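Accompanying notes for the structure given below.
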Amino acid sequence: MSDNLLIQALLITLVAFIGYMHCYWGSTMNNRPIIVAPLVGLVLGDMTTGIMVGATLELIFLGAVPIGASNPPDITSGAIIGTSFVILTGQEVGAAVALAVPVATLVLLFDNLQMMFILTWATHMADSYAKKGDYKKVEWVARFAGIGNKLILSIVVGVAFYLGVPVIKDVLAVIPQFIIDGMDVAAGILPAVGFAMLARMIVTKELSPYLLAGFLLAAYMEMPVFGVALAGLVIAGLTFFHDSKKQREVVVDDNEF
Numbered sequence: 005m006s007d008n009l010l011i012q013a014l015l016i017t018l019v020a021f022i023g024y025m026h027c028y029w030g031s032t033m034n035n036r037p038i039i040v041a042p043l044v045g046l047v048l049g050d051m052t053t054g055i056m057v058g059a060t061l062e063l064i065f066l067g068a069v070p071i072g073a074s075n076p077p078d079i080t081s082g083a084i085i086g087t088s089f090v091i092l093t094g095q096e097v098g099a100a101v102a103l104a105v106p107v108a109t110l111v112l113l114f115d116n117l118q119m120m121f122i123l124t125w126a127t128h129m130a131d132s133y134a135k136k137g138d139y140k141k142v143e144w145v146a147r148f149a150g151i152g153n154k155l156i157l158s159i160v161v162g163v164a165f166y167l168g169v170p171v172i173k174d175v176l177a178v179i180p181q182f183i184i185d186g187m188d189v190a191a192g193i194l195p196a197v198g199f200a201m202l203a204r205m206i207v208t209k210e211l212s213p214y215l216l217a218g219f220l221l222a223a224y225m226e227m228p229v230f231g232v233a234l235a236g237l238v239i240a241g242l243t244f245f246h247d248s249k250k251q252r253e254v255v256v257d258d259n260e261f
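Read in this note's numbering, the sequence shown has 36 at position 32, and its numbers run on one by one without any break.
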């Protein structure tokens with residue numbers, strides 16, 4: 005059992021590293037719960053639960069987007085540990101919600117702390133190489149610091165999985181049932197909060213008619229969510245081509261004289 009847990013911990017570390025390195029390849033969104041949670045399910049042999057937990061946590065963290073110097077909770081670690089906990093203990097999805105949020109917040113604090121040392125040191129080193137005109141070493145330092153930062157976070161998640169899940173099982177055994185039931189209730193409420201956060205960020209006067217149209221299609225015409233998404237894709241395509249055509253016409257008009 006110990007050897008099996010060690011192998012799983014190594015694979016979980018790999019999943020975390022894949023998630024954290026999303027920014028290295030141009031922000032591919034590999035760090036989102038909808039991606040990493042099913043991968044955790046694949047590692048632990050329960051893909052179905054991984055998908056369910058990932059979808060639930062994705063709704064909760066919809067508005068968790070870094071803006072400027074403001075960083076949201078570390079959704080990758082929260083999704084991985086929360087999904088692992090549910091799969092290994094057999095709890096309901098609500099248990100993942102109760103665990104993912106505090107874990108994500110704690111790892112964010114750790115990440116900020118390590119960046120104070122690692123990235124500050126790397127920045128000063130890169131500055132010294134830049135003054136010498138050694139651009140290759142500047143690039144090397146940037147890559148080393150970026151990958152090193154993500155590797156440390158991945159190892160932290162792997163170690164937390166290896167040491168934390170067995171302990172969590174024992175802690176769960178003494179938690180009253182009404183608290184566990186409360187977790188399930190929270191799992192149903194928090195996705196609405198996450199969606200509201202996202203809507204507050206993206207809904208403007210110009211986009212409000214599209215939101216209303218989607219609501220009418222789903223609520224009154226009983227169109228499936230996938231159908232609404234396809235309709236939105238068509239509208240987005242038409243809008244894109246229409247705006248592109250208008251821009252080309254403006255360019256032609258400017259050059260006519």
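Glycine is no exception: its CB is placed at the ideal position from the N, C-alpha and C atoms.
None of these values were measured; they are calculated from a predicted model.
>> Once DSSP output is grouped into helix, strand and coil, what is the label at Val90?
In response: helix
> Any idea what DSSP makes of Asn116, helix, strand or coil?
Replying inline: helix
> By a C-beta neighbour count over all protein chains shown, 10 Å radius and 16 as the cutoff for buried, is Met5 buried or exposed?
Replying inline: For Met5, the predicted model reports a pLDDT of 49, less than 50, meaning its position is unreliable; a value from the coordinates is still stated below. Exposed: under 16 other Cβ atoms inside 10 Å.
>> Comparing C-alpha positions only, which one of Val19, Met56, Asp78 and Ile39 sits nearest to Val107?
In response: Asp78
> Of the residues Gly236, Ser31, Met33 and Asn153, which one's Cα is nearest the Cα of Met120?
Replying inline: Asn153
>> Do Thr60 and Ile91 count as a contact pair if the criterion is CB distance below 8 Å?
In response: no
>> By the DSSP assignment, the alpha helix (DSSP H) with Ser212 in it spans what residues?
In response: Ser212 to Ala223
>> If you reduce the DSSP assignment to three classes, tell me which class Gly30 lands in.
In response: coil
> Is the distance from the Cβ of Val238 to the Cβ of Ala222 below 8 Å?
Replying inline: no
> Any idea what DSSP makes of Gln181, helix, strand or coil?
Replying inline: helix
>> Going by DSSP, what residue range makes up the alpha helix (DSSP H) through Ser63?
In response: The sequence given here places Leu at residue 63; Ser does not occur at that position. That run of the alpha helix (DSSP H) goes Met51 to Ile64.
> Got a sec, what are the start and stop residues for the alpha helix (DSSP H) Ala41 sits in?
Replying inline: Pro37 to Leu48
> With distances taken from CA atoms, which of Phe65, Gly241 and Asn8 is nearest Ala200?
Replying inline: Phe65
>> Does Gln95 come out as helix, strand or coil in the three-state DSSP assignment?
In response: coil
> Alpha carbon to alpha carbon, how far is Val161 from Lys141?
Replying inline: 30 Å
> Do Phe21 and Leu155 have their C-beta atoms closer together than 8 Å?
Replying inline: yes
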